[in-house]
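Comments concern the structure below.
Residue numbers (my numbering): 140 to 295.
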């Protein structure tokens, strides 16, 4: 009987130890800067049709194409300003050409550069940031006749 109590006590202490380890692991996954995590979570990635609808319905929207100048020259979404992601002055160009108070829509070729840009914009204090899921490639693949008529694609 003594051994049963001893084994039971060992089991309880083991279970308590495991429970405290899992809470330590969970705590270590929590971001250090909760404010930055909140901002990152507020970036919205939208598929082409939803992106177009949101863009058309948003007053004072800023549309930013972060592809290279050559990519932009091959075609772009009407109204987009080109700020080359690879330009050495990229961050300075974002600050000088965009207004932190206005909703900002970003896109690139497939979503990688614009995703990084969306995160950067949020860190710079922008509140409403929208990223085009799949980028310009997905935009072109979407059925253009179903996009809002106020959104056009410019081919050069």
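Beta carbons: idealized from backbone N, C-alpha and C, even for Gly.
Decide if residue 212 is buried, meaning its Cβ has at least 16 other Cβ atoms within 10 Å, or exposed.
Classification for residue 212: exposed.
Spell out a yes or no on whether the region 194-214 and the region 223-239 are touching, meaning 3 or more CB-CB pairs, one atom from each, closer than 8 angstroms.
Enough Cβ pairs lie closer than 8 angstroms, so yes.
Can you tell me where the alpha helix (DSSP H) with residue 244 in it begins and where it stops?
Run containing residue 244: none in the alpha helix (DSSP H); it sits in the beta strand (DSSP E), 243-246.
Would you list, in sequence order, the uninterrupted alpha helix (DSSP H) runs of no fewer than 4 residues that lie entirely inside the region 172-242?
Listed in chain order, they are 173-180, 187-196, 208-212, 229-236.
Tell me which residues share the same chain as residue 264 and place their Cβ nearer than 7 angstroms to its Cβ, disregarding the 5 neighbours each side in the sequence.
Excluding residues within five positions, the ones whose Cβ falls inside 7 angstroms are 239.
Helix or strand or just coil, what does DSSP make of residue 281?
The answer is coil: DSSP assigns residue 281 none of H, G, I, E or B.
Just to confirm the assignment, what range does the beta strand (DSSP E) spanning residue 267 have?
Here residue 267 belongs to no beta strand (DSSP E), and DSSP marks it neither H nor E.
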